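Residue numbering for the sequence shown follows the working numbering, starting at 4 and increasing by one per position.
Everything on this sheet refers to the single structure shown next.
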Amino acid sequence: MMEQADDALLLRALPFSDSSLTLHVLTKNHGRISLMARGARRAKSPFRASLMPLHHLNIRWREPRTGSMGTLIEVNRLKPLLQEQKMLAGQTLLAKASILFPDGVHAGFSELWNALHTLSERPEGSGTAAAIWEMMLASGWVGDFEHCWQCSEPIHLSETMFWEHSHLCCVTCAQHQGLTVTSGCRKSLLNHLTNSNIKLIDSYTNIWNEMIRSTFLAHQIMHR
Ligand SMILES: [Zn+2]
């Protein structure tokens with residue numbers, strides 16, 4: 004049974020029996036893996052203090068002889084990746100990352116890492132939306148702000164677009180249906196993604212959250 008070591012981000016830790024945890028982890032070089040952390044729920048377990056979400060972890064584990072669940076051997080907690088007051092928003096990012104980067108997908112570590120950085124640099128509300136959008140972009144769930152996602156035509160930033168059926172559409176494709184995404188809104192979202200100094204007004208953050216919510220909902224219905 005081979006031993007492995009890697010940088011890691013903890014997605015989820017679920018109780019297994021009275022004393023152990025099963026972990027879902029995104030690793031830098033091994034993709035998403037599941038691990039058994041034996042005894043991790045016991046008060047004296049060395050895993051207890053180190054197994055923290057939203058921290059840069061370095062882990063060592065033994066690969067499974069059969070099945071897909073390895074065994075955690077050692078975990079070192081390096082640095083927190085978010086300020087204390089943003090840890091709750093960080094949990095929202097973990098929940099989304101867990102859906103966007105499921106088992107068997109090799110990506111996820113650097114995408115989540117970058118998203119946490121995006122959130123850490125921005126106000127919590129708009130920063131959470133920007134960070135989730137960034138991961139959705141990396142997963143191919145959403146397109147850019149400068150093309151119609153239906154007809155692929157480039158749409159100048161001075162024009163209004165529409166959010167219809169989880170797609171950003173030009174006037175022609177949307178036929179004036181759906182949520183209006185004004186040129187000002189589109190410019191602001193684009194700028195907020197790339198520049199942490201540009202603030203986003205609440206009404207634009209709300210539109211962004213609705214775009215995110217409806218996209219996740221559409222994927223849930225599709226994969227049910
Ligand atoms: Zn179009």
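All C-beta atoms, glycine included, are put in the ideal place defined by N, C-alpha and C.
Note that the structure is predicted; figures quoted are calculated from it, not measured.
For residue i, the first and last residue of its enclosing alpha helix (DSSP H)
i	result
Thr308	In this structure the chain extends from 4 to 227, so residue 308 is not present and cannot be described.
Lys176	Residue 176 is actually Cys in this sequence, not Lys. That run of the alpha helix (DSSP H) goes 174 to 177.
Leu29	Looking at the DSSP string, Leu29 is not in any alpha helix (DSSP H); the run it does join, the beta strand (DSSP E), is 23 to 30.
Thr131	127 to 141
Phe50	49 to 53
Three-state secondary structure (DSSP) of residue i
i	result
Met90	helix
Asn194	helix
Asn200	coil
Ser37	strand
His159	coil
Trp116	helix
Thr185	coil
Thr95	helix
Thr74	strand
Per DSSP, cross-strand counterpart(s) of residue i
i	result
Asn61	Asp10, Asn79
Arg15	His27
Val108	BP columns for Val108 are empty, so no partner.
Leu84	DSSP lists no partner for Leu84.
Leu122	Leu122 pairs with nothing; no bridge assigned.
Leu171	Trp166
Continuous beta strand (DSSP E) stretch holding residue i: start and end
i	result
Phe165	164 to 167
Strictly closer than 5 Å from CB to any heavy atom of ligand 1: give me those residues in the order they appear in the chain. Cys151, Gln153, Cys154, Cys173, Cys176
For the region 179 to 197 against the region 207 to 214, are there 3 or more C-beta pairs whose distance is under 8 Å? yes
Between the region 211 to 219 and the region 136 to 145, are three or more C-beta pairs nearer than 8 Å? yes
Would you call the region 35 to 47 and the region 126 to 144 touching, i.e. three or more CB-CB distances under 8 Å? no
Validate contact between the region 172 to 185 and the region 153 to 162 using beta carbons, cut 8 Å, 3 pairs: yes
Taking 8 Å as the threshold, find out whether the region 36 to 44 comes into contact with the region 66 to 86 through three or more Cβ pairs. yes
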